[in-house]
């Protein structure tokens, strides 16, 4: 039990400070917020129109492709760091991985998902 006492004290202190900061804020907050609280903020200018706008599907597709290639970078970085020690088999594996991703990009490009038409 003695070896975990420090961890227990740390957890109690780590929970104590945020709770003691939030309790007074919760008790002192106004109970009925003003109507201005429910208006979307636009840099101090009164809002015009509805705040709920629809995004074109093009943004969604670009976001998906960005995430795809961002994750590719996450997988390529450790391989590049350990390139000296992993050998030829890992090099071939990474070539296959990159080739599959390039095929996916070519498919999206050929299908027309990268155009704004």
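In the numbering used here, the protein residues as written are 3 to 119.
Backbone N, C-alpha and C define an ideal beta-carbon position, used for all residues, glycine too.
Would you kindly work out how many angstroms separate the C-alpha atoms of residue i and residue j, rounded to a whole number?
i           : j          : result
residue 91  : residue 72 : 24 Å
residue 26  : residue 32 : 12 Å
residue 76  : residue 35 : 44 Å
residue 21  : residue 13 : 12 Å
residue 16  : residue 30 : 23 Å
residue 9   : residue 23 : 22 Å
residue 40  : residue 98 : 52 Å
residue 109 : residue 48 : 45 Å
Thinking C-beta only, is residue j closer than 7 Å to residue i?
i          : j           : result
residue 96 : residue 81  : yes
residue 74 : residue 107 : no
residue 63 : residue 115 : yes
Under a CB-based cut-off of 7 Å, is residue i close to chain C?
i          : result
residue 17 : Chain labels in this structure do not include chain C; a single protein chain is all it has.
Which residue from the options puts its Cα closest to that of residue i?
i           : options    : result
residue 101 : 78, 47, 50 : 78
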